[in-house]
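Asker:
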Amino acid sequence: MDRIKNYIDGKWVESKSGETFRSINPARRNEVVGVVVRSGREDVDQAVKAAQQAYESWRLTPAPRRGEILFKAAEILSRDKESLGRLETREMGKVLSEGLGDVQEAIDMGYYMAGEGRRFSGETVPSELPAKDMKSLRVPVGVFGLITPWNFPIAIPSWKVFPALICGNTAVLKPSSDTPVCATKFVEILVEAGLPKGVLNLVHGPGGEVGEYLASHPGVDAISFTGSFDTGKRLEGICGAIHRMIVTEMGGKNAIIVMDDANLDLAVEGAIWGGFGTTGQRCTAATRLVVHRKVYQKFIEKFRKRASRLKLGDGLQKETHVGPVINESQFNKILRYVEVGKKEGAKLILGGKACQKGNCAEGYFIEPTIFVNVSPEMRIAQEEIFGPVVSVIQTEDLEEAIRIVNRTPYGLSSAIYTQDVNSSAVAERDLETGIVYINASTIGAEIQLPFGGIKHSGYGRKEAGGRGGALDTYSRWKVIYRDFSGRLQKAQIDK
Ligand code: UN1
1 MDRIKNYIDG
11 KWVESKSGET
21 FRSINPARRN
31 EVVGVVVRSG
41 REDVDQAVKA
51 AQQAYESWRL
61 TPAPRRGEIL
71 FKAAEILSRD
81 KESLGRLETR
91 EMGKVLSEGL
101 GDVQEAIDMG
111 YYMAGEGRRF
121 SGETVPSELP
131 AKDMKSLRVP
141 VGVFGLITPW
151 NFPIAIPSWK
161 VFPALICGNT
171 AVLKPSSDTP
181 VCATKFVEIL
191 VEAGLPKGVL
201 NLVHGPGGEV
211 GEYLASHPGV
221 DAISFTGSFD
231 TGKRLEGICG
241 AIHRMIVTEM
251 GGKNAIIVMD
261 DANLDLAVEG
271 AIWGGFGTTG
281 QRCTAATRLV
291 VHRKVYQKFI
301 EKFRKRASRL
311 KLGDGLQKET
321 HVGPVINESQ
331 FNKILRYVEV
341 GKKEGAKLIL
351 GGKACQKGNC
361 AEGYFIEPTI
371 FVNVSPEMRI
381 AQEEIFGPVV
391 SVIQTEDLEE
401 AIRIVNRTPY
411 GLSSAIYTQD
421 VNSSAVAERD
431 LETGIVYINA
441 STIGAEIQLP
451 FGGIKHSGYG
461 RKEAGGRGGA
471 LDTYSRWKVI
481 YRDFSGRLQK
491 AQIDK
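Residue numbers (the working numbering): 1 to 495.
1. Spatial neighbours of Trp150 within its chain, please: C-beta separation below 7 Å, excluding the five flanking residues on both sides.
2. What is the residue span of the alpha helix (DSSP H) that Asn406 lies within?
3. How do the segment 350–360 and the segment 241–256 stand: do at least 3 beta-carbon pairs fall below 8 Å, yes or no?
4. Tell me which same chain residues have a C-beta within less than 8 Å of the C-beta of Ile349, skipping the five on either side of it?
5. DSSP three-state label for Thr179, please.
6. In angstroms with no decimal places, state the Cα-to-Cα distance between Leu310 and His321.
7. Which whole runs of the beta strand (DSSP E) in the segment 176–247 are 3 residues long or more, in chain order?
8. Whole angstroms are fine: how far does the CA of Ala401 sit from the CA of Gly341?
9. Between the Cα of Ile443 and the Cα atoms of Gly275, Ala50, Met245, which residue gives the shortest distance?
10. Does the Cβ of Cys283 lie closer than 6 Å to at least one heavy atom of ligand 1?
11. With a cut-off of 8 Å, do at least 3 Cβ pairs link the segment 53–70 to the segment 185–201?
12. For Thr124, count the other beta carbons within 10 Å of its own beta carbon; 16 or more makes it buried, fewer makes it exposed. Which is it?
13. Does the pairing of the segment 75–82 with the segment 209–224 give three or more beta-carbon distances under 8 Å?
14. DSSP state of Ile447, grouped into three classes?
15. Can you tell me which of Ile366, Glu428, Arg482 puts its alpha carbon nearest to the alpha carbon of Pro130?
16. Over what stretch of residues does the beta strand (DSSP E) that includes Trp12 continue unbroken?
17. Determine the direct distance from the alpha carbon of Ile69 to that of Asp472, and round the result to whole angstroms.
18. Would you say the beta carbon of Ile454 is closer than 6 Å to some non-hydrogen atom of ligand 1?
19. Given this structure, state the Cα-to-Cα distance separating Ile435 from Gln394, to the nearest angstrom.
20. In angstroms with no decimal places, state the Cα-to-Cα distance between Gly117 and Arg288.
21. If you measure from the CB of Ile147, is any heavy atom of ligand 1 nearer than 6 Å?
22. Below 7 Å between beta carbons: does that hold for Ala445 and Trp159?
23. If Glu212 and Ile238 are in contact, beta carbons under 8 Å, what's the gap, nearest whole angstrom?
24. According to DSSP, is Gly411 part of a helix, a strand, or is it coil?
25. So, for Arg90: in the same chain, excluding its five sequence neighbours on each side, which residues have a beta-carbon less than 6 Å away from its beta-carbon?
26. Just checking Gly444 against ligand 1 - is the residue's beta carbon closer than 6 Å to any of the ligand's heavy atoms?
27. Confirm, please, whether the CB-CB distance from Pro157 to Phe186 is below 7 Å.
28. Kindly identify the DSSP beta-bridge partner or partners of Gly34.
29. Among residues of its own chain, excluding the 5 on either side of Lys5, which ones have a beta-carbon nearer than 7 Å to its beta-carbon?
30. From the DSSP secondary-structure annotation, give me the bridge partner or partners of Ala286.
31. Which one of Glu88, Val258, Val44 has the shortest CA to CA distance from Gly207?
32. Would you call the segment 227–236 in contact with the segment 254–271, where contact means no fewer than 3 C-beta pairs closer than 8 Å?
33. Kindly indicate the opening and closing residues of the alpha helix (DSSP H) around Met113.
34. Ordered along the chain, which non-local residues of its own chain (more than five positions away) have a Cβ less than 8 Å from that of Ile380?
35. Could you check the C-alpha separation between Val291 and Pro376 for me, to the nearest Å?
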């Protein structure tokens, strides 16, 4: 079992308090994955100070050189992909193929951002005047506080750390206390790749204490957060009061529309993958299925049948399709939502219970759960559950379906299954979400494009991928005007 430390100013260190907490395997509660130092304010102070000091030389390190370190990190991530994927499964519970996919996203992001180091371009544009030139430059923001969740324990840190560093910022990373070991391995890889001391610092500890203090710290210039709406909103409040830039990536209540002309088998696969992949613990999970009345019964039958074949268990076992949920409090919350759904009058046609026998005896397992006859305003169709619970809603036509999809507080991802090019065009235009999928599920965003949502799903710029997401979030524009008319005048006088 590893002892997991903070990484501050180029050294692996204990926390000031000397206290620790444990990271456990959600599939086997008795297995401790790591004993982790529990930080407090003093540790954050030191990490921020180290990041401030390192900023002076890192911002002046040529972007291609910064990119070379990121490239190396991507290569080490590739080398260690298998062991990192397995670690993700042990610490977070997602099935191994998904753990490997998560590491792959980090690899992709590493190579992509490494390349951006050689393309760090702004614009030069013509001036109104003859003896004046003007250009825009991307410059770093300063010290970034990066607060990351447990559901993508390596990918999401990579989405924040790589772009922050390529833009010349330094950072303090505060990962979720449910997946500190994965985050630590990620930092170890950047250290092995040759990152200078102080450029990236890591502090472990509870979000309420360490995360909030980091967000309010006078030495921090900007915050990037991914996690729940409640926490994100609190952090937005803290940052708003002190005029600090914050980007938040929060929840979702994403929906798939299934039209009467859809390829139903494809739609069922999309609903299975979107609803129960990662045990429903994605901000992009497809938790609502809005199905045209003409295919409603048929779809439900196929979907129920397919979902009933999903095997729960430890994600390291090959036969497992669905792993555990992350921890006891999520486990209890999800089961409470099942009760809410029943009380609201939705019809439970699959699951709805914890599974605590056989492969599931030692972990936090909940059966894939399907409610049908759900009406759009029910709590189970409005609130983010973050577990394997899917609500099926019947609809009359495309216009109504789109209205249903749009009418939640969230706006992250949506999808439509249809063979009709016109329906897909209307959906693309009218769905009020940051991401829209046509004939694909609501999950699986790639890093070459910006990622993020609107309303309660996100605040500030789009995050992560693409130039418009990553570079625009982690750099700011500086505009330079140069007036050389003085020289022209002088030349005239000399003549
Ligand atoms: C998240 O759940 O916070 O698009 C991110 C997807 C993944 C990212 C999800 N690539 O589902």
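C-beta atoms are modelled at their ideal positions from N, C-alpha and C, and glycine is treated no differently.
Answerer: This is what the structure holds:
1. Met92, Ser176, Asp178, Thr179, Ile326
2. 398–406
3. no
4. Ile300, Arg304, Ile370, Phe371, Val372
5. coil
6. 6 Å
7. 200–202, 222–226
8. 21 Å
9. Gly275
10. yes
11. yes
12. exposed
13. no
14. coil
15. Arg482
16. 11–13
17. 21 Å
18. no
19. 23 Å
20. 40 Å
21. no
22. no
23. 6 Å
24. strand
25. Asn25, Val33
26. yes
27. yes
28. Asp2, Ser23
29. Trp12, Val13, Glu14, Val37
30. Asn254
31. Val44
32. no
33. 96–116
34. Tyr337, Val340, Gly341, Glu344, Ala346, Phe371, Val374, Val389, Ser391
35. 12 Å
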